[in-house]
Amino acid sequence: MVIVYESKTGFTKKYAEMLADKTKLKLYHIKDISKISAEEEVVFLGWIKVGKIQGLNKLHKYNLKAVCGSGTAPCSKDNREAVIKRNNIKDIPFFYLRGGCLPVKDLKGIDKILMVIFLKILKSRKEKDEETEEVIAGLENGFNGVEEKNLEPILKWLNI
1 MVIVYESKTG FTKKYAEMLA DKTKLKLYHI KDISKISAEE EVVFLGWIKV
51 GKIQGLNKLH KYNLKAVCGS GTAPCSKDNR EAVIKRNNIK DIPFFYLRGG
101 CLPVKDLKGI DKILMVIFLK ILKSRKEKDE ETEEVIAGLE NGFNGVEEKN
151 LEPILKWLNI
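Residues 1 to 160 in full-length UniProt numbering are what the sequence shown spells out, letter by letter.
And the structure:
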C-alpha cells in the first residue's frame, strides 16, 4: 500500500507526510503516480474545491482503497455525503480532514476571484451563525486546521 496526494497550498501535503510518517508507507505526489503499478493499493489524499477532490480523477486506473479529502470547512454529515456523491466514491472509505486556507489576499488567479465572491456572499447574509462567522474569519485571515488527531479515523481504518 502507498499514499498518493495532491496539494495546492501545502495543507494536504502536510497530512500526507504525517500519514506516511505514522504508517511507514511510501509517499508519492500525484505527478509521480506513474512510478507505482496499477495493482498497488492506494490511499489518496486530495484537497477539496467546490466539492470535488482534486487529483482523484487521475486514479481511475489504480487500486484505490481509501480517499481522504482535505477542506477548509468543519465537516458536517451533509457536506460529507455531498462530497462522496459528487466524487462517486460511495463504495470506497472516505475520510474528511480539516485542512486550512491562505488568506484571500494571498490567493492568485481564479481561486482568488472565486473566494472573494464567496466571501462577499457570506458577508452579505443578514443572519450569520457561528460557523459562518468562523468561515469568514478564516477566509480573511487564513487558518491552519491541520492536526495529527484528525488522522485518527484513517489510522484506525488502517489498523495502526
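Glycine included, C-beta positions come from ideal geometry on N, C-alpha and C. Owing to the predicted nature of the structure, the values given are computational and were not obtained by experimental measurement.
- Residue environment: S37 is assigned as exposed (fewer than 16 neighbouring CB atoms within 10 Å of its CB, all protein chains considered).
- Going by beta carbons, E6 and G55 fall inside the 8 Å limit.
- Within the segment 97-125, the complete alpha helix (DSSP H) runs of at least 4 residues fall at 109-124.
- Within the same chain, Cβ atoms closer than 6 Å to the Cβ of A66 are found at V43, P93, the five residues on either side in sequence being excluded.
- Relative to L122, the option among I113, E133, K112 whose CA is nearest is E133.
- By the 16-neighbour rule on beta-carbons within 10 angstroms, W47 is buried.
- R86 and F95 have their C-alpha atoms some 15 Å from each other.
- The C-alpha of C101 is placed about 9 Å away from the C-alpha of L107.
- Put simply, the backbone Cα of L139 is about 15 Å away from that of F11.
- Between G142 and G99, the CB-CB gap reaches or exceeds 8 Å.
- Rounded to the nearest whole angstrom, the C-alpha separation of E81 and S34 is 30 Å.
- Runs of the alpha helix (DSSP H) spanning 4 or more residues and lying entirely within the UniProt domain "Flavodoxin" (2-61) occur at 11-23, in chain order.
- Comparing C-alpha distances from K31 to each of E41, L25, N57, A20 shows the shortest one belongs to N57.
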